[in-house]
Structures are given as C-alpha cells and as structure tokens.
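This report refers to the structure that appears directly beneath it.
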Amino acid sequence: MAKVKFGLSEHTLGREERAVVFEASDESGKIGELHVSRGGLRWYPKNSRYHHFASWRKFGEVIEENVKKTP
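Just so you know, we're using my numbering here: the sequence shown kicks off at 18 and counts up by one.
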C-alpha cells in the first residue's frame, strides 16, 4: 500500500517556492513528490530532475476523464 507523508500547519498556497509537498512511497520505497501550489500540481518522479505540471483546470479535466466516479 502506498504511503504519503507530509507536514502541514495553516498554509496559504503561493508560488512553487511555497508549495505544499507530499512525499509518496510504497513498500519498495519512494515513488516521487507531489508539489501543490496556487498555479497547479507538479509531480517529480523518484530520481528525476524534471517534473510533470498540470494546471488546476487541466488536473480537473484529467481526473474527470480518467478516474471512476463514486457516490
């Protein structure tokens, strides 16, 4: 089962420098990091210098098109 670790107190989302960072791992170790900021989401895969970016609008579209709806 995947685990996510993060620390958070009250936090206003700002630019990438002030993003909330979630570290995701499973039984084999770290999967990557998800950086959540005012502009959108950035996924940094494990051992990668590059990230995948999705604006909030694009994230909504991807979720609605690819994730099963639940009641």
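Every residue gets a Cβ at the ideal spot worked out from N, C-alpha and C, and that includes glycine.
Runs of the beta strand (DSSP E) lying entirely within the segment 30-54 and spanning at least 3 residues, in chain order: 37-43, 46-54. Taking C-alpha positions only, N64 is separated from L58 by approximately 18 Å. Counted as a single uninterrupted DSSP element, the beta strand (DSSP E) harbouring R59 occupies residues 57-62.
Beyond the five residues adjoining it in sequence on each side, Y61 comes within less than 6 Å, by CB distance, of G49, E50, H68 in the same chain, given in chain order. S72 is bridged by DSSP to G57.
With distances taken between CA atoms, A71 lies nearest to G56 out of T87, V84, K85, G56.
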